[in-house]
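Residue numbers (full-length UniProt numbering): 1 to 115.
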């Protein structure tokens, strides 16, 4: 998809962190530097292919940094860039809001999916 511009500032934000896994990845990386295998263990249900795609997109957008250590076998870690760290307040606010309203959201989803 070619991005030619955003109509609203929130569109730009959602472009960076939208999708099923990006916020979860960022949440874990804001806690500490992570290796891809560690991230995958922390996120049951994500495939290796999707994790790799999401990490590449976040890296390409300048949100995270990929660190490759010159070892055999090579060791790779991911960490947020300074730009990525600036999303911490947003990610933490979303997490806090979700925790406060978790039961209500879960009940609504059960009702909707049960229909």
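We treat Cβ as the ideally placed atom computed from N, Cα and C, and that holds for glycine.
Since this is a predicted model, take the numbers as computed values, not measurements.
Let me check one thing: in DSSP terms, what residues is residue 80 bridge-paired to?
64
Neighbourhood of residue 67 by C-beta, 8 Å cutoff - its chain only, sequence neighbours within 5 removed
33, 76, 77, 78, 79
Using CA atoms only, rank isn't needed, just tell me which of 55, 108, 25 is closest to residue 95.
25
Inter-residue Cα distance where the pair is residue 48 and residue 17:
Roughly 19 Å between the two C-alpha positions.
Close beta carbons around residue 29, own chain, < 7 Å, minus the five adjacent residues each side
Sequence-distant Cβ neighbours of residue 29 in its own chain, meaning closer than 7 Å and more than five residues away, are 64, 78, 79, 80.
In the DSSP output, what is residue 69 paired with across the bridge?
75
Measure the beta-carbon distance from residue 19 to residue 54 and round it to whole angstroms, keeping in mind my assumption that it falls under 8 Å.
7 Å
Uninterrupted alpha helix (DSSP H) stretches inside the region 1-53 (no shorter than 4 residues)
9-17, 22-31, 36-42
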